[in-house]
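This report refers to the structure that appears directly beneath it.
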Amino acid sequence: MVTLSWKHHTLIQALISRGPLKEKEFHSIFTGVTGRNPGTVKKIFDKYLLEINKELSYVHFELKVCRDQYDGQVCYGVVNNVSDDQSKLGTKYSVPQIAFFKGIIEAIAQDEAAQGCISGFDALNIRLENQISSEASSSQQQVPPAFRNFSMSQKEKTLDELVRDKWLCRTREGNIGLGIRSLLDLRSWLRNNDVPSCEVCNEAGVKADLCPTDGCNVRIHKYCLKKLLSQRDDKRCSGCGKPWPLSKITKSEAVDEAMNEEESETQAAAPKSKRKRQLRSHGDSTENGSSQASLASTSGANARRVTRSGHSR
């Protein structure tokens with residue numbers, strides 16, 4: 001068994017107390033704690049993550065990494081791998097709030113256009129009674145009073161809390177999308193509910209470009225499409241064999257994207273003297289906080305199956 005040092009503990013505490021972090025912020029914390037830059041010591045950085053995950057596995061937690069599908073940035077977060085009744089008791093959200101959240105993520109996942117969001121108006125008009133299990137409905141059980149009495153102001157407050165806690169997000173257009181915590185925690189839920197995966201990275205294509213061919217379910221994330229275009233001009237859909245419409249992204253945009261990635265790598269290899277000055281100005285303390293059990297663990301039981309060819313409303 002690997003004995004974790006205070007440096008490992010600080011990294012874990014940062015992710016638990018602050019929630020999922022963008023790669024740049026997490027790398028900055030790693031540099032402040034260890035005195036090393038992940039961009040130049042990737043093997044050491046990966047070793048830290050491996051050691052942390054070995055220990056977290058004993059309590060059924062895991063440090064995961066994924067891309068934010070709305071801006072393409074890499075993010076790190078600690079998630080709960082257990083969805084039993086005991087873990088559900090750890091959430092700060094009430095039963096009506098959880099039902100409200102489940103209704104929103106189902107509506108987003110069922111979007112055939114893969115826009116990855118719904119309007120704030122549609123979110124506030126989610127009907128909580130639709131989250132009652134089919135078994136309860138068949139027995140003609142009445143809607144719980146807590147569901148009937150969940151007011152519009154309570155929905156607005158819950159929406160703000162879910163955005164603040166990174167379960168949901170607000171897009172540039174003001175719509176409601178999945179937050180990075182949901183993208184980390186709901187991977188298996190999205191897969192089990194037939195949300196088509198991205199052709200390139202195999203992650204669920206919640207927000208993605210669609211193949212325009214009727215009957216073809218292939219999706220590609222915008223950032224994955226940029227990477228493809230920077231590598232070659234010709235791209236055919238693996239599903240239908242027809243050319244993929246690349247007109248939405250110009251060749252120059254894709255090249256710029258590739259150059260930005262190279263520039264980030266170059267900055268990671270900055271002179272040691274510069275890194276030392278950054279370290280002296282960087283605090284290594286993290287906010288105190290405790291983790292709560294995964295809200296997403298409550299999201300699988302009553303979910304409707306999702307297909308691109310059709311779905312129930």
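Its first residue numbered 1, the sequence shown is counted upward by one per residue in full-length UniProt numbering.
Glycine included, each C-beta is placed from N, C-alpha and C at the ideal position.
It should be emphasised that the depicted structure is a prediction, and the values quoted were computed from it without experimental measurement.
So, for Ser-197: in the same chain, excluding its five sequence neighbours on each side, which residues have a beta-carbon less than 7 Å away from its beta-carbon?
Glu-203, Ala-204, Gly-205
By Cβ distance below 8 Å, which residues in the same chain neighbour Tyr-48 in space, the five residues on each side in sequence not counted?
Lys-7, His-8, Leu-11, Phe-30, Thr-34
Cβ shell of Gly-239 (< 7 Å), same chain only, five flanking positions each side left out
Cys-211, Cys-216, Asn-217, Val-218
For Lys-222 and Gln-110, the rounded distance between their alpha carbons
19 Å
Under DSSP, the beta strand (DSSP E) around Gly-174 begins and ends at which residues?
Here Gly-174 belongs to no beta strand (DSSP E), and DSSP marks it neither H nor E.
If you reduce the DSSP assignment to three classes, tell me which class Phe-61 lands in.
strand
Quick one: what's got a C-beta closer than 8 Å to Val-200's C-beta in the same chain, skipping five residues either side?
Ile-220, His-221, Cys-224, Leu-225, Lys-227, Leu-228
Taking a contact to mean a Cβ-Cβ separation below 7 Å, would you say Ile-176 touches Lys-166 in this structure?
no
Expressed to the nearest angstrom, what Euclidean distance is found between the alpha-carbon atoms of Lys-22 and Cys-75?
4 Å
Supposed contact pair Phe-100 and Ile-126 - C-beta distance, whole angstroms, cut 8 Å:
6 Å
So what does Gln-115 bridge to, in DSSP terms?
Lys-207
Span of the alpha helix (DSSP H), counted from its first residue to its last, around Asn-53:
42-56
From Tyr-58 to Asn-80, what does the alpha carbon distance come to, in whole angstroms?
11 Å
Can you look up Leu-168 in the DSSP assignment and give me helix, strand or coil?
strand
Helix, strand or coil: how does DSSP classify Tyr-76 here?
strand
Once you ignore the five residues that flank Lys-64 on each side, which residues in its own chain have a CB closer than 7 Å to its CB?
Gly-77, Val-79, Leu-184
7 Å Cβ cutoff met for Gln-69 and Lys-235
no
Cβ neighbours of Thr-213 in the same chain (closer than 8 Å, five flanking residues each side left out)
Cys-237, Gly-239, Cys-240, Lys-242
Name the one or two DSSP bridge partners that Glu-220 has.
What sits at residue 220 in the sequence shown is Ile, not Glu. Answer is Asp-209.
What separation, rounded to the nearest whole angstrom, lies between the Cα atoms of Arg-277 and Pro-20?
No answer about Arg-277 holds up, because its pLDDT of 45 lies below 50 and its placement is not dependable.
On a Cα-Cα basis, can you pick out the residue from Gly-174, Gln-131, Lys-157, Asn-37 that is closest to Val-95?
Gln-131
Among Val-41, Ala-114, Leu-159, Lys-42, which has the Cα closest to the Cα of Gly-120?
Leu-159
To the nearest angstrom, report how far apart Lys-251 and Leu-128 are at their CA atoms.
For Lys-251, the pLDDT reaches just 47, beneath the cut-off of 50, and the residue's location in the model is therefore unreliable, although a value from the coordinates is still provided. Taking the straight line joining both Cα atoms gives about 46 Å.
For Pro-38, count the other beta carbons within 10 Å of its own beta carbon; 16 or more makes it buried, fewer makes it exposed. Which is it?
buried
Buried versus exposed, by CB contacts within 10 Å (16 or more), Val-82
exposed
Bounding residues of the alpha helix (DSSP H) (the contiguous stretch that carries Ser-238)
Segment: none, Ser-238 is in no alpha helix (DSSP H) and carries neither H nor E.
Rounded distance between the beta-carbons of Ile-105 and Ser-188, thought under 8 Å
The pair is not a contact, with the Cβ atoms about 13 Å apart (cut-off 8 Å).
Would you check if the distance between the CB atom of Leu-50 and the CB atom of Ile-108 is smaller than 7 Å?
no
Any idea what DSSP makes of Arg-67, helix, strand or coil?
strand
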